[in-house]
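Shown next, in structure tokens, is the structure this report addresses.
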Amino acid sequence: MDLVYIAHIGVILFTFFMLLNSAAVLVLMERKVAAFLQQRLGPNRTGPWGTLQPVADILKLLFKEELRPLAADRWLFALAPILSVTAAFSAFAVVPWGGTTTLFGLLPEPVPLRVADVNVGILVLFAITSMGIYGIVLAGWSSNSKYSLLGGLRSSAQMISYELSYGLALGAVLLLGNSLSLTDIVNQQSGYWFGVIPRWFIFIQPLGFVIYMIAGIAETNRAPFDFPEAEQELVAGYHTEYSSFRFALFFLAEYVNMVTVSAVATTLFLGGWHGPFLPEWLGWLWWLAKLFALLFFYIWMRWTLPRYRYDQLMHFGWKVLLPVAVINLLLTAAAVLYWG
Amino acid sequence: MTIAFYTLAAFILALGVLVVSTKNTVHAVLFLVANFLCVAMLYVLLQAEFLAVIQVLVYAGGIVVLYLFVVMLVNLKRGPETHVDPRRRDRMGLLIGGAVLAEFVAILLYGFAPRATGAAPAAAAPGVGNVEQVGWSLYVDYLVPFEVASILLLVAMIGAIVLAKKEP
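Same order as they appear, the protein sequences are chains R and Y. If you count the first sequence from 1, position 63 lands on 118 in this note's numbering, and the numbers rise without skipping. If you count the second sequence from 1, position 100 lands on 288 in this note's numbering, and the numbers rise without skipping.
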């Protein structure tokens, strides 16, 4: 067991732990931002500035009674939240969150700050994201309840519809980066144009970025696309019958998915850990800053926009977003062919 | 490597049997997903990462979701009994079973036949990944069959839409 090997494992465990933590941070952020947008104070009793509120939330969920409908499919009812969380966590594995580090010279060779650099990284991410649908569909079906089933069906229809635009937006970046590895793509975004503008892909692919974010919000079932759990019509959608820790797992999966979508947007469009003013070894601070800017955008959207109607969502996805994404991809391909 | 292959092969076979023997259709579809995932692992074992990911993406993540959709939405109660010649099914089964058996025997004979160990499969040029190789063979070597297949799929899709669309 040499030091580098241990450091690799350390990075993996750290990434996992921080992903878990990010859900807690996001819960607090969501509550606080929502409160400020609605001119309230938000949680401020548990801990200083309400910082212990996520802990209280988690403990409450843990100690709640576990309920399962009698007519539910026992195994699938238990399996569904696990599938959701597994897909959410494993998708993050290919996202690099920093350059390399030697821990101030402690390690003999630099260790990259990511779980895995797969040479088909983006496709892996896309494949795992598409597996995430199963958790939601099965939750809806196995609960044996009408609200849950409708929620699950809506969600899968929505995810399938928006996955296409999501993939096409990613495809345009792949053409620019000429690689499927996320680390390669980030490294191509270092440096500046004319000495001032960072070489981030968002400046060549503004349309791609907008398509990606819209499709990403729809993929993660967040407002204004949160039909699977539209409270007014479906009680709570696919997790209506879930309680206690199983519900907490769905909750966790939703937040981790948000983090993954934002992290991928950071990596592909915003130059990953590259940015001005900071030395290379502090690049992960840039990464975090960009990530949280996007997460803030997510929360901001949720508390600002009303929910669409379901037919509007489908119409928008298939007849507006998808054609625009196809045109964007074709134009990018033509441009790469001409100038590349 | 060999152990991994046989473990995976055993899983694939067992899951395949479960797919056809499970009474609950939704469970059967899920076993099918697990089956596809195992096949994807087999591809990884053969160092065809691109194919493995595409297998997960297209089959496990795309097509089977649609299966699940259909299974969940369609009422799967048995329809009213219609009179079918009971021996018809046996004859069909015998025919199809015989064809599959013949195929297996052919594959086995071909596999064990002594062969000059000719040129090993062209080793990948260094620095050329899986994706590039697949791209070259799809869009250069086999461009016409590939395009013909895609047109076939397009025709099938348009046909399905025409059939499903009711006259206003």
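Even for Gly, the Cβ is constructed at its ideal location relative to N, Cα and C. Please read these numbers as outputs of a predicted model, since none were measured by experiment.
Of the residues P109/R, T70/R and M84/R, the one whose Cα lies closest to the Cα of V149/R is T70/R. For a Cβ distance threshold of 9 angstroms, residue set V253, L256, F257 and M260 of chain Y lies close to V192/R, ordered along the chain. Within the DSSP secondary-structure output, Y298/Y pairs in no beta bridge.
The continuous alpha helix (DSSP H) containing E335/Y extends over residues L331 to A352.
For Y353/R, the enclosing alpha helix (DSSP H) covers residues G338 to T359. A direct Cα-to-Cα measurement between S298/R and Q321/Y gives close to 49 angstroms. Non-local C-beta neighbours of A278/R in its own chain, meaning closer than 7 angstroms and more than five positions away in sequence, comprise M356, R357, L360 and R362, ordered along the chain. A buried status is given to L168/R, since no fewer than 16 other beta-carbon atoms sit within 10 Å of its beta-carbon. Bridge pairing for V166/R: T156/R [DSSP].
If you draw a straight line from the Cα of F347/R to the Cα of A337/Y, it comes to about 45 angstroms. In this structure, the beta-carbon distance from H294/R to G206/R falls below 9 angstroms.
If you draw a straight line from the Cα of V293/Y to the Cα of L203/Y, it is about 23 angstroms long.
Setting aside the 5 residues that flank it on each side, W248/R is surrounded in the same chain by R254 and F258, each with a C-beta closer than 8 angstroms to its C-beta; the list follows chain order. Taking every protein chain shown into account, the CB of G187/R has 16 or more other CB atoms within 10 angstroms, so this residue is buried. C226/Y and F193/Y do not touch by the CB rule: their CB atoms are close to 11 angstroms apart, not below 8 angstroms. By the rule that beta-carbons nearer than 9 angstroms mark a contact, E335/Y does not touch chain R. Looking at the DSSP output, Y247/R sits in a beta bridge with P253/R. Contact annotation for I215/R against chain Y: V253 [CB-CB distance below 7 angstroms, chain order].
Under the three-state reduction of DSSP, T101/R is assigned to coil, being neither helix nor strand.
Distances from the CA of M214/R to each of V253/Y, P333/Y and L206/Y were compared; the closest alpha carbon is that of V253/Y. Taking C-alpha positions only, S197/R is separated from L131/R by approximately 6 angstroms.
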